[in-house]
Each structure stands twice: as C-alpha cells, then as structure tokens.
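Colleague:
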Amino acid sequence: MALSIEQLRKHYAAPDGSIVPVIDIQSLSLDDGQQAALVGTSGSGKTTLLHLIAGILTPDSGRIVFDLGPDDGQVDITALPEADRDVFRGRHIGYVFQTHHLLAGFTALENVLLGMSFTGRRHDRAWARYLLEQVGLADRMDYRPEKLSLGQQQRVAVARALANRPKVVLADEPTGSLDAANAQQVLHLIRRLCNQVNATLLLVTHDTDIAQQLPTVLSLAELCPAARTTA
Numbered sequence: 044m045a046l047s048i049e050q051l052r053k054h055y056a057a058p059d060g061s062i063v064p065v066i067d068i069q070s071l072s073l074d075d076g077q078q079a080a081l082v083g084t085s086g087s088g089k090t091t092l093l094h095l096i097a098g099i100l101t102p103d104s105g106r107i108v109f110d111l112g113p114d115d116g117q118v119d120i121t122a123l124p125e126a127d128r129d130v131f132r133g134r135h136i137g138y139v140f141q142t143h144h145l146l147a148g149f150t151a152l153e154n155v156l157l158g159m160s161f162t163g164r165r166h167d168r169a170w171a172r173y174l175l176e177q178v179g180l181a182d183r184m185d186y187r188p189e190k191l192s193l194g195q196q197q198r199v200a201v202a203r204a205l206a207n208r209p210k211v212v213l214a215d216e217p218t219g220s221l222d223a224a225n226a227q228q229v230l231h232l233i234r235r236l237c238n239q240v241n242a243t244l245l246l247v248t249h250d251t252d253i254a255q256q257l258p259t260v261l262s263l264a265e266l267c268p269a270a271r272t273t274a
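Sequential numbering from 44 applies to the sequence shown in the working numbering.
1. Specify, as a first and last residue, the run of the beta strand (DSSP E) that Glu-49 falls within.
2. Check each candidate in Gly-137, Asp-252, Ala-264 and name the one with the smallest Cα separation from His-94.
3. Name the residue from Leu-100, Thr-259, Gly-194 whose alpha carbon lies nearest to the alpha carbon of Gly-76.
4. By Cβ distance below 7 Å, which residues in the same chain neighbour Ser-85 in space, the five residues on each side in sequence not counted?
5. Can you tell me where the beta strand (DSSP E) holding Tyr-138 begins and where it ends?
6. Cα separation between Phe-33 and Phe-131?
7. Who are the Cβ neighbours of Val-108 in its own chain at under 6 Å, not counting the five residues just before and after it?
8. How about Cys-267 and Gly-98: do their beta carbons lie closer than 9 Å?
9. With a floor of 3 residues, list each beta strand (DSSP E) that falls wholly inside the stretch 196-235, ordered by position along the chain.
10. Among His-135, Leu-146, Thr-101, which one has its Cα closest to the Cα of Pro-124?
11. Going by alpha carbons, who is nearest to Ile-66 out of Gly-179, Ser-104, Ser-220?
12. Where does Pro-58 land, buried or exposed, given buried means 16+ other C-beta within 10 angstroms?
13. Span of the beta strand (DSSP E) holding Val-65?
14. Helix, strand or coil, according to DSSP, for Gln-255 in the structure here?
15. Give me whichever residues DSSP pairs with Asp-109 in a beta bridge.
16. When the Cα of Arg-187 is compared with those of His-166, Ala-214, Phe-149, Ser-220, which residue comes out closest?
17. Looking at C-beta atoms only, is the number of pairs between the stretch 144-159 and the stretch 167-174 that lie closer than 8 Å three or more?
18. With a CB to CB cut of under 7 Å and the five nearest residues on each side skipped, what residues in its chain are close to Arg-183?
19. On a Cα-Cα basis, can you pick out the residue from Ala-122, Leu-245, Leu-263 that is closest to Leu-257?
20. Roughly how many whole angstroms lie between the Cα atoms of Asp-114 and Arg-128?
21. Does at least one heavy atom of the ligand SAM sit under 8 Å from the Cβ of Ile-66?
22. Per DSSP, Ala-80 forms a beta bridge with which residues?
23. In chain order, what residues of the same chain lie with their CB nearer than 6 Å to the CB of Cys-237, ignoring the 5 residues before and after it?
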C-alpha cells in the first residue's frame, strides 16, 4: 500500500513553555511494496514520525494518506477520529517495537493470535502457526515469553506484526536491543515476510549498517531539518 505525507508538522511544549518543533516534513512518499530505512540519531523524532503514520499520535497539521487501491480509494488517517484510527491501524498496519511487548501470561502462539483481535475478523490459527514456523519457532509455539531468548521474543513480535497481513509495516528500531547475529536474523525475517504479503516497510534505525541493507535509505535530518535531539 502506497502512502504519502504532506506538510506534516508536530511540536511539543518544553518545560519552560517554549515550543519545540519535532516533525516538519514537506513531503514523503513510499510506493506499494517499497522497503525503506529511516535513519536518525536517538531522540531525533523517528518514533514520533512512526506514531503519526500509525495514527497513535495526531499532527498539528498536515496529511498522511494511504492509497488502498482502486476499490477502496485513499484514506487520510489524520482526518479520522480516534476509534476509526484504531480500526484502520488494526486492519492495515503492522508495528514492530524495539522491545517485544509480548504478554507474559500468553504463549507465543497466543500472542500472535492476540494481534488478530483488533480487526473484528475471525482468528486465523493456521496463518499464526505458519508465521511462527517462518520465524523459526515451530517448536516454541507453546512457550511463554519467559522461556524464550530475547531474539526469539523479538521474532514472535515480528510474527505478531504480520498477523493481519498488513499493507504497511512500521518497525521502530527492531534490532536495537539485539546482538549482531540476532539483529541480522530479525531484519531478514521482517523483509522476507513483508515481501510475502507485499507490505510497504518503513524501518527506523540509528544503525547505518542495518539501514544500508534496505533498497531505500532516508535521512530524518534531511527530511525534517526541524528535528531536535529533545524529541
């Protein structure tokens, strides 16, 4: 699914009452199925941008338009009320966090199935199992997070993000807490699964070695000169 950003602005109020611009992007577009890395220093506003795209935050101004295709048209997520943004995100957007955010009382399989609970559709248990097989956890489906390594936990999180066959995947430093070997494995899995479902991928990272493995590399500093380290 293609997406485009136009005149997007977001600021925060500093403790002294001054206004701190965080996001000020004139334009940004990603084609259907495109895979891009967004690089920037820690605290520069990368997570804020992902939250805006996902509809978790609302901008001060601007548009974020998703092209759903000829049958469903275009949707500006910034124009939707909160409840509709939540539904749109659940149906169309997969999100991979830096830390896995798995529920401790649920097994790996149950955590992936839980990712299907926000769409109003029936759980596709076969697809959930397939995803866990694809991330190398066929023999760990019934394990709770405490019985999994950090790398395995993050692989469950990747499977959960793809649970609803999203058209856009947003990955927020998904390899940031992993060692080099696990980081490469998780990156490979995200890219391969996005290819499988033809999802557009935007992956943010401060690691240039990770970023350069994606076909497109974007710089937040160039897109958004207003980005501050206080973001």
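Where is the CB? At the ideal position from N, CA and C, for every residue including glycine.
Modeller: According to the structure shown:
1. Looking at the DSSP string, the run of the beta strand (DSSP E) that includes Glu-49 is 45-56.
2. Closest option to His-94, Cα to Cα, is Gly-137.
3. When each option's Cα is compared against that of Gly-76, the closest is Thr-259.
4. Correct list, in chain order: His-249.
5. It spans 136-139 - the beta strand (DSSP E) in which Tyr-138 sits, taken as one unbroken run.
6. A query on residue 33 cannot be resolved here, the shown segment of the chain reaching from 44 to 274 and no further.
7. Answer for Val-108: Ser-47, Gln-117, Asp-119, listed in chain order.
8. The beta carbons of Cys-267 and Gly-98 sit no closer together than 9 Å.
9. Within the stretch 196-235, the runs of beta strand (DSSP E) that reach at least 3 residues and sit entirely inside it are, in chain order, 211-215.
10. Nearest C-alpha to Pro-124: Thr-101.
11. The residue from Gly-179, Ser-104, Ser-220 with its alpha-carbon nearest to that of Ile-66 is Ser-104.
12. Pro-58 should be labelled exposed.
13. Per DSSP, Val-65 belongs to the beta strand (DSSP E) from 62-73.
14. In this structure, DSSP gives Gln-255 a state outside helix and strand, which the three-state scheme calls coil.
15. The sequence given here has Phe at residue 109, not Asp. For Phe-109, the beta-bridge partners assigned by DSSP are Leu-46, Val-118.
16. The shortest CA-to-CA distance from Arg-187 to any of His-166, Ala-214, Phe-149, Ser-220 is the one to Phe-149.
17. Yes: at least three Cβ pairs fall under 8 Å.
18. Excluding positions up to five away in sequence, the list reads Ala-151, Leu-191, Gln-195.
19. Comparing Cα-Cα distances from Leu-257 to each of Ala-122, Leu-245, Leu-263, the minimum goes to Leu-245.
20. If I take the Cα positions, the gap works out to 20 Å.
21. The model depicted lacks the ligand SAM and carries no ligand whatsoever.
22. Beta-bridge pairing links Ala-80 to Leu-246, Val-260.
23. The residues are Val-212, Leu-244.
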